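Per our numbering, the sequence shown starts with residue 1, numbered consecutively. By construction, the Cβ of each residue, glycine as well, lies at the ideal position given by its N, Cα and C atoms. Quick caveat, the model's predicted, so the values are computed rather than measured. So the structure is just underneath, and the comments pick up after that.
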Amino acid sequence: MAHWLLNNKQKWTDLFCPELKTYLIRFPVILHAVPTSFDPTNPSHLQELGTQNQIDPTLLQSARWLGDPVNQGKKNRSLVLHLLDKDIATKIEQTGLFLQNELYQGAHYV
Numbered sequence: 001m002a003h004w005l006l007n008n009k010q011k012w013t014d015l016f017c018p019e020l021k022t023y024l025i026r027f028p029v030i031l032h033a034v035p036t037s038f039d040p041t042n043p044s045h046l047q048e049l050g051t052q053n054q055i056d057p058t059l060l061q062s063a064r065w066l067g068d069p070v071n072q073g074k075k076n077r078s079l080v081l082h083l084l085d086k087d088i089a090t091k092i093e094q095t096g097l098f099l100q101n102e103l104y105q106g107a108h109y110v
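Here is the structure:
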């Protein structure tokens with residue numbers, strides 16, 4: 001029962017108390033040495049990342065660079081993705097992701 005309540009908190013909390021704010025569980029992963037030509041704030045870049053890896057882009061909640069590589073003149077940097085699906089996050093940690101036909105290794109990010 002507790003597991004169901006946790007997994008479905010968006011469904012029942014509105015009924016219990018409309019003012020109560022809950023947030024979706026996110027599963028962070030990190031990809032290393034991603035080219036900084038990829039823009040994590042550009043929805044079309046996130047769409048492309050999802051499409052190339054057969055991931056529903058709506059499951060990519062957010063993406064950001066680790067640090068500020070563009071202003072530091074870096075060509076590659078680590079990219080943190082926050083996913084809404086634990087199985088997809090685990091798969092990325094184990095097998096990585098493709099971006100523009102290059103494989104980037106993934107790891108769990110805390």
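When DSSP reads this structure, P28 sits in a beta bridge with H82. Contact check between the segment 85-96 and the segment 34-43: fewer than three CB pairs, one atom from each, fall below 8 Å, which does not count as touching. Ranking D85, Q54, T58 and E102 by CA distance to the CA of N76 puts E102 first.
Where F16 is concerned, the enclosing alpha helix (DSSP H) starts and stops at K9 to F16. Less than 8 Å divides the Cβ of V34 from the Cβ of L79. Contact between L84 and Q52 is absent: CB atoms are separated by about 18 Å, not below the 8 Å threshold. Between S37 and L66, the alpha-carbon positions lie close to 14 Å from each other. A distance of 8 Å or more separates the beta carbons of L81 and L24. Straight-line spacing of the CA atoms in L97 and K9 works out to 30 Å.
From the listed residues P28, P69, Q100 and V70, the smallest Cα separation to L59 is found for P28.
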